[in-house]
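The opening position of the sequence shown corresponds to residue 22 in my numbering, with each subsequent residue numbered one higher. We put the beta carbon where it would ideally sit given N, CA and C, even for glycine. To keep things clear, I will list the structure first and then write my remarks on it.
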Amino acid sequence: MILNQFMTEKTIYLKSIDPVVLFGTNNHLLQIIQQYFSKLKLVARGDEMKVIGPSAEISRFESKINDVFDYVNKHNQLKADDLEELLFQEGANPKSNVKTGDGEIIVFGQSGKSIRARNEHQKEMVKRSLKNDLIIATGPAGSGKTYMAVALAVRALRNREVRKIILSRPAVESGEQLGFLPGDLKEKLDPYLQPLYDALLDMMPGRKLNDLMDENIIQIAPLAFMRGRTLEKSFVILDEAQNTTVGQLKMFLTRMGENSKFIVTGDITQIDLPKTVNSGLIHAVGLLEGISGVAVIKFDQKDIIRHKLVKKIVKAYEDESM
22 MILNQFMTEK
32 TIYLKSIDPV
42 VLFGTNNHLL
52 QIIQQYFSKL
62 KLVARGDEMK
72 VIGPSAEISR
82 FESKINDVFD
92 YVNKHNQLKA
102 DDLEELLFQE
112 GANPKSNVKT
122 GDGEIIVFGQ
132 SGKSIRARNE
142 HQKEMVKRSL
152 KNDLIIATGP
162 AGSGKTYMAV
172 ALAVRALRNR
182 EVRKIILSRP
192 AVESGEQLGF
202 LPGDLKEKLD
212 PYLQPLYDAL
222 LDMMPGRKLN
232 DLMDENIIQI
242 APLAFMRGRT
252 LEKSFVILDE
262 AQNTTVGQLK
272 MFLTRMGENS
282 KFIVTGDITQ
292 IDLPKTVNSG
302 LIHAVGLLEG
312 ISGVAVIKFD
322 QKDIIRHKLV
332 KKIVKAYEDE
342 SM
């Protein structure tokens, strides 16, 4: 394309944002953007947008569109009213004053779904995460401790408090060594990390999750491969920690570097270790509870938020073991 001396052309890439979310059905949101920037010609093609017009106007467009990108990344949706507010108002973005503390919205998930703490111990976990760099959350299946950990990690990443999210889980449930399982490292670990993936996919589009994993912003880290690493500016989650040994959990906790947050979750009633091996999670709770900077949250039956039968099932097994 031949441009005159007053016109320039720039390509804007969508930064893993779904074009359908940004441009809207039948490009109705793109039309709003075009109306606001009437001096520019906008051509949307797949994951990029060509912008043609005066240099000063393109600079103004880049500033505004970055605000829109930030909004979509945070809220996972874009409505016409919010887009117009972003474009026409100066200063704070729409909903930028939404609180994300105890009992309030933690993050916006798929299609703008608001993700909040749903029971008292989840609220406690959110509140104490603000002042503690290590959270240990124990409790029964279905109480939401892992889901809250992932929500807090996604919030920290979106707020640029950390550079990466690292997910880890001991692979002992099947009784097999990872090296004997088929596939590459990710394929071997996927079955063990599926609950974490499920939570992440509730909070961001699959395409964006894949992009963040390709860029190593979201990483999977087998517990055995953590030795020797120092994890700085990271949000690190160790799930199913009841199946770590005392030595393994000590090794994991001592990977913590500057400006990092660690959350350790597990259910001490579902230990798959040999009977002669002590659980690192039980040991850590007894050893670290009360240390400044460490918060221990103990979920119980009342916190279970899955099907109503799950509470009854958990109670039946607990009564049998008494």
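- Message: Which residues does DSSP list as the beta-bridge partners of Lys71?
- Response: Lys71 pairs with Thr32, Val64.
- Message: Rounded to the nearest angstrom, what separates Leu35 and Gly311 at their Cα positions?
- Response: Those two C-alpha atoms are separated by around 46 Å.
- Message: For Glu261, count the other beta carbons within 10 Å of its own beta carbon; 16 or more makes it buried, fewer makes it exposed. Which is it?
- Response: By the Cβ-count criterion, Glu261 is buried, with 16 or more other Cβ atoms from all chains shown falling within 10 Å of its own Cβ.
- Query: How big is the Cα-Cα spacing for Met247 and Thr297?
  - Reply: Whole-angstrom Cα-Cα distance: 24 Å.
- Cα-Cα separation between Lys254 and Ile54, rounded to whole angstroms: For Lys254 and Ile54, the distance between alpha carbons rounds to 36 Å.
- Task: Would you give the residue range spanned by the beta strand (DSSP E) that Gly227 belongs to?
- Result: Residue range 227-235 is occupied by the alpha helix (DSSP H) that includes Gly227, with no beta strand (DSSP E) assigned at that position.
- Query: When the distance is taken between beta carbons, is Gly67 closer than 8 Å to Met28?
  - Reply: Contact: no.
- Message: According to DSSP, simplified to helix, strand and coil, what is Arg137?
- Response: Per DSSP, reduced to three states, the secondary structure at Arg137 is strand.
- Message: Let's see if you can read the secondary structure: which residues bound the beta strand (DSSP E) around Lys323?
- Response: First-last for Lys323: undefined, no H or E at that position.
- Message: According to DSSP, is Gly287 part of a helix, a strand, or is it coil?
- Response: Gly287: strand per DSSP, three-state reduction.
- Message: Between Ile258 and Leu221, how many whole angstroms is the CB-CB distance? I'm expecting something under 8 Å.
- Response: Taking C-beta atoms under 8 Å as the contact rule, Ile258 and Leu221 fail to qualify, at a distance of about 10 Å.
- Task: Consult DSSP for Asp123 and reduce its assignment to one of helix, strand or coil.
- Result: Because Asp123 sits at a pLDDT of 47, beneath the cut-off of 50, its placement in the model cannot be relied upon, and the following sentence gives the value as read from the coordinates. Secondary structure at Asp123: coil, using DSSP grouped into helix, strand and coil.
- Output yes if chain B places a C-beta closer than 8 Å to the C-beta of Leu270; else output no. The displayed structure is made up of one protein chain only, and chain B is not part of it.
- Query: Where does the unbroken alpha helix (DSSP H) through Leu108 begin, and where does it stop?
  - Reply: Taken as a continuous stretch (DSSP letters only), the alpha helix (DSSP H) holding Leu108 covers 101-109.
- Could you tell me the boundaries of the beta strand (DSSP E) in which Thr159 lies? Here the beta strand (DSSP E) through Thr159 covers 155-159.
- According to DSSP, is Ile312 helix, strand or coil? Coil at Ile312, not helix or strand.
- Message: So for Asn118, helix, strand or coil by DSSP?
- Response: Because Asn118 carries a pLDDT of 45, less than 50, the predicted location of this residue cannot be relied on, and no value is offered for it.
- Query: Using 8 Å as the threshold, is the region 283-291 in touch with the region 100-108, meaning 3 or more CB pairs across them?
  - Reply: Here the region 283-291 makes no contact with the region 100-108; the two share fewer than three CB pairs at distances below 8 Å.
- With a 10 Å radius around its C-beta and 16 neighbouring C-beta atoms as the bar for buried, classify Ser117 as buried or exposed. Legend: pLDDT at Ser117 = 48, less than 50; position of this residue unreliable, value from coordinates given subsequently. Residue environment: Ser117 is assigned as exposed (fewer than 16 neighbouring CB atoms within 10 Å of its CB, all protein chains considered).
- Is the beta carbon of Phe18 sitting closer than 8 Å to the one on Ala158? Outside the displayed range of the chain (22 to 343) lies residue 18, so it cannot be described from this structure.
- Message: Whole angstroms are fine: how far does the CA of Leu63 sit from the CA of Ser80?
- Response: Each residue's alpha carbon lies about 14 Å from the other.
- Query: Buried or exposed: where does Val41 fall if 16 or more other Cβ atoms within 10 Å of its Cβ makes it buried?
  - Reply: Its Cβ having fewer than 16 others within 10 Å, Val41 is exposed.
- Taking the C-alpha atoms as reference points, what is the distance between Glu194 and Gln240? At Glu194 the pLDDT is 49, less than 50, meaning the model places this residue with poor confidence; the figure from the coordinates comes in the next sentence. Straight-line measurement puts the Cα of Gln240 at about 21 Å from the Cα of Glu194.
- Exposed unless 16 or more other CB atoms sit within 10 angstroms - verdict on Asn47: Exposed, since its Cβ has fewer than 16 Cβ neighbours within 10 Å.
- If we ignore side chains and look at the alpha-carbon of each, how far apart do Phe256 and Tyr338 end up? Roughly 34 Å separates the two Cα atoms.
- Query: Per DSSP, Val183 is paired with what?
  - Reply: Within the DSSP secondary-structure output, Val183 pairs in no beta bridge.
- Item | 6 Å CB neighbourhood of Ile19 in its chain, flanking five on each side removed | This structure does not reach residue 19, given that the chain is present from 22 up to 343, and the question cannot be answered.
- Are Val89 and Phe82 close, meaning C-beta to C-beta below 8 Å? Against a cut-off of 8 Å, the Cβ pair of Phe82 and Val89 comes out as no contact.
- Which residues bound the beta strand (DSSP E) around Ile240? Correcting the residue identity first, residue 240 is Gln in this sequence and not Ile. Start and end: 239-241.
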